[in-house]
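Chemist: Residue numbers (the working numbering): 12 to 296.
Ideal placement from N, C-alpha and C gives every residue a C-beta, glycine not left out.
Quick caveat: nothing in here was measured; it's all calculated off a predicted structure.
Below you will find the structure I want to go over with you.
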């Protein structure tokens, strides 16, 4: 009766959060859950693997906020954010040994956004024009910045470099046949394996639908996202998982950062509000 309850979130930078505060819909959801109850302690933990190139001595990064355990009538809720920027869905199965020990009651998956952005054809075939610097050729190296520094000198430098990158990226998108990192069938295949493994733990699984990006910054990607959302809803139903297609209710003039891809603080708050309402309907919050 007193065993802790674990909820796990899997995803990329949209779920992990950007910037020094890493504010995201997960942390905003935790705030709503804490405000709604005093009967249980709610702990917020973030865990990610650290690449050996970054630090050969430390392989994991753990951060979080532990509430004083003041529970009286309910076990503590541990919310684990295992999302990691620039990671893709196939990496999520690496968490299964940990999840087998955590035995989470619920797992939320928000995947497919990074994989579905339409990118210049040269990213896939490696035939980059000579005038594109090598440091710009990574997966997200040419994506627009979320925001600029408040320091005037740094802001000027960041603005100039970003403008150059965006001019080059949009030109490449116009000149070639843009393609996503993974096509729909590849993403759905990874989702299918992941959901089946999570359901076998067993855990209740919620698939969080994609949020179509701004056409001004990622031309052509929005329709690709919407088509994948339809397929994800069908796949979730087939595997006994819940599907929350929340993008229709995600409307705000400042819902995204300037890149039109990552939710802003107000956007994250809105996503948390939508997710909290769904969990309340299901009797989980």
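Here's the rule I'm using: 16 or more other beta-carbon atoms within 10 Å means buried, otherwise exposed. How should residue 153 be labelled?
Modeler: Classification of residue 153: buried, given that the 10 Å Cβ count is 16 or more.
Chemist: Can we say the stretch 128 to 143 touches the stretch 164 to 183, given the rule of at least three CB pairs closer than 8 angstroms?
Modeler: These segments touch.
Chemist: Secondary structure at residue 60, three-state DSSP: helix, strand or coil?
Modeler: Here residue 60 sits in strand by DSSP.
Chemist: How many angstroms separate the CA atom of residue 186 from the CA atom of residue 230?
Modeler: So the alpha carbons of these two residues sit roughly 13 angstroms apart.
Chemist: Which term fits residue 35, buried or exposed, when burial requires 16 or more other beta carbons within 10 angstroms of its beta carbon?
Modeler: The residue is buried, with at least 16 neighbouring Cβ atoms inside 10 Å.
Chemist: Near residue 97, which residues of its chain fall below 8 angstroms by C-beta distance, leaving aside the five closest residues on each side in sequence?
Modeler: Same-chain partners within the cutoff: 23, 24, 125, 150, 151.
Chemist: Applying the 10 Å Cβ sphere with the 16-neighbour rule, what's the burial state of residue 234?
Modeler: Classification of residue 234: exposed, given that the 10 Å Cβ count is below 16.
Chemist: What are the residues that DSSP puts in a beta bridge with residue 215?
Modeler: Residue 215 is bridged to 117.
Chemist: What separation, rounded to the nearest whole angstrom, lies between the Cα atoms of residue 53 and residue 246?
Modeler: Distance between the alpha carbons of residue 53 and residue 246 is about 31 angstroms.
Chemist: Which partner residues of residue 190 appear in the DSSP bridge assignment?
Modeler: 130.
Chemist: Quick one, are the C-beta atoms of residue 100 and residue 130 less than 8 angstroms apart?
Modeler: No. Outside cutoff.
Chemist: Could you tell me the distance, in whole angstroms, from the CA atom of residue 14 to the CA atom of residue 87?
Modeler: Spanning the two alpha carbons is a distance of roughly 8 angstroms.
Chemist: With a threshold of 16 other CB atoms inside 10 Å of the CB of residue 108, please say whether the residue is buried or exposed.
Modeler: Counting Cβ neighbours within 10 Å, residue 108 comes out exposed, since fewer than 16 surround it.
Chemist: For residue 34, which three-state DSSP category applies?
Modeler: Looking at residue 34 - three-state DSSP - the assignment turns out to be strand.
Chemist: Note the first and the last residue of the continuous beta strand (DSSP E) segment covering residue 256.
Modeler: Looking at the DSSP string, residue 256 is not in any beta strand (DSSP E), and its letter there is neither H nor E.
Chemist: May I ask you to verify whether the stretch 156 to 168 touches the stretch 202 to 210, counting CB pairs closer than 8 angstroms and requiring at least 3?
Modeler: These segments do not touch.
Chemist: Below 8 angstroms on the Cβ atoms is my guess for residue 155 versus residue 265; work out the distance and round it to an integer in Å.
Modeler: That pair is no contact at about 16 angstroms.
Chemist: Would a C-beta distance cut-off of 8 angstroms place residue 195 and residue 238 closer than the cut-off?
Modeler: A contact, by the Cβ cut-off of 8 angstroms.
Chemist: With a threshold of 7 angstroms on Cβ separation, who are the neighbours of residue 241 within its own chain once the five nearest residues in sequence on each side are excluded?
Modeler: For residue 241, where only same-chain residues beyond five positions count, there are no Cβ hits under 7 angstroms.
Chemist: Between 272, 90, 228, 252, which has its C-alpha nearest residue 261's C-alpha?
Modeler: Residue 272 is the option with its Cα nearest to residue 261.
Chemist: Run the CB neighbour count on residue 94, radius 10 Å, all protein chains shown included, and call it buried at 16 or more, exposed below.
Modeler: It counts as buried.
Chemist: Which residue or residues does DSSP assign as beta-bridge partners of residue 158?
Modeler: DSSP lists no partner for residue 158.
Chemist: Work out the CA separation of residue 259 and residue 111 for me, nearest whole Å.
Modeler: Each residue's Cα considered, the two are about 34 angstroms apart.
Chemist: How far does the alpha helix (DSSP H) with residue 123 in it extend, from its first residue to its last?
Modeler: No alpha helix (DSSP H) holds residue 123; DSSP gives it neither H nor E.
Chemist: What span of residues does the beta strand (DSSP E) with residue 4 cover, start to end?
Modeler: Since the displayed the chain opens at 12 and closes at 296, residue 4 lies outside it and no answer follows.
Chemist: Report the partner residues of residue 75 according to the DSSP bridge assignment.
Modeler: Residue 75 pairs with 56.
Chemist: In the DSSP assignment, what are the bridge partners of residue 90?
Modeler: Bridge partners of residue 90: 18, 55.
Chemist: Only counting the same chain, and skipping five residues up and downstream in sequence, which positions put a Cβ closer than 6 angstroms to that of residue 106?
Modeler: Within the same chain, residue 106 has close Cβ partners 93.
Chemist: Shortest alpha-carbon distance to residue 287 belongs to which of 38, 28, 29, 30?
Modeler: Minimum Cα distance to residue 287 is reached at 38.
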